[in-house]
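Single-structure report; data block below.
Numbering (the numbering used here), first residue to last: 465 to 658.
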C-alpha cells in the first residue's frame, strides 16, 4: 500500500461514494468534503467546459475550508448524440436515458481538478467510450428496479448490474465509475504525495 506523506493531507471534494471507494481501494488516506453546488449547465457550454467548471467549483469550495491541503475534485458526464445525459432520480427519465443508450456508443468524460497545498491548481479530462448492447424493455425494467442508477451519470452504474449491458469499453473503467484512478495515481505520485 502507498500512503501520503505525513505532512501532506489529501481531501476528496465529492459526494460520490464511488470516488471514495476507488481511493480507499488503493490505500490513499484522505478526508471527504461534500460540496453543494448547482450542476446545471451554462448556455452554450461544451461538455468538456462543463465538467472542468464543475470540478473546479467543487474543489474551490473545499479549498476555502482546507487551505493548506491537497484537494481532488471531479465531475463525470455521459455524452451521446451531442447531448449530456444527466443524473436523475426520476424513474421515467432514467428509462428514457437507458433507451437512448441502448445499442449505441457513448462517451464518458470525467474532469478532475487537483489543488496543491499552495494556491495553484491544474485540471485534466479523461475520456472512455462505452457501447451498450441492445436493451429490451425487460432489461431496462429489471435494471430500474435495482435503483442503483439513481444519481449516476447516464442513469447507470457500470460497477453494478449495468455491467451486463456493456458490449465494449475503450479507456479507463474507473473513469466510467467516476474517477480515473491511473491518471489520479500518476498525478499524486508526480507531486510526491505517494
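Ideal Cβ placement from N, Cα and C applies to all residues, glycine included.
Would you give the residue range spanned by the alpha helix (DSSP H) that residue 575 belongs to? Careful: residue 575 lies outside any alpha helix (DSSP H), inside the beta strand (DSSP E) at 569-579.
What are the boundary residues of the alpha helix (DSSP H) that residue 638 is part of? 637-641
Excluding the five sequence neighbours on either side, which residues of its own chain have a C-beta within less than 7 Å of the C-beta of residue 480, listed in chain order? 642
Where does residue 539 land, buried or exposed, given buried means 16+ other C-beta within 10 angstroms? buried
Pair every Cβ in the stretch 630-647 with every Cβ in the stretch 566-583, then say whether three or more of these pairs are closer than 8 Å. yes
Thinking C-beta only, is residue 478 closer than 9 Å to residue 537? yes
If I follow the unbroken beta strand (DSSP E) through residue 588, where does it start and stop? 585-596
With a 10 Å radius around its C-beta and 16 neighbouring C-beta atoms as the bar for buried, classify residue 474 as buried or exposed. buried
Quick check: the Cα distance between residue 653 and residue 598, rounded to an integer number of angstroms? 40 Å
Counting beta carbon pairs with one atom in the stretch 624-642 and one in the stretch 599-614, are three or more of them shorter than 8 Å? yes
Could you check whether the Cβ of residue 570 sits closer than 8 Å to any heavy atom belonging to the ligand ADP? Among the components of this structure there are no ligands whatsoever, and the ligand ADP is therefore not found.
Assuming residue 549 contacts residue 618 under a Cβ cut-off of 8 Å, what Cβ separation, rounded to an integer in Å, is found between them? 5 Å
In terms of DSSP beta bridges, what is residue 534 paired with? 474
Taking the straight line between their C-alpha atoms, what separation do you get for residue 542 and residue 527? 27 Å
Grouping DSSP H, G and I as helix and E and B as strand, with all else coil, what is residue 653? helix
For residue 556, count neighbouring C-beta atoms within 10 Å of its own C-beta (all shown protein chains included) and say buried if the count is 16 or more, exposed if not. exposed
May I have the straight-line CA-CA distance separating residue 634 from residue 592, to the nearest angstrom? 6 Å
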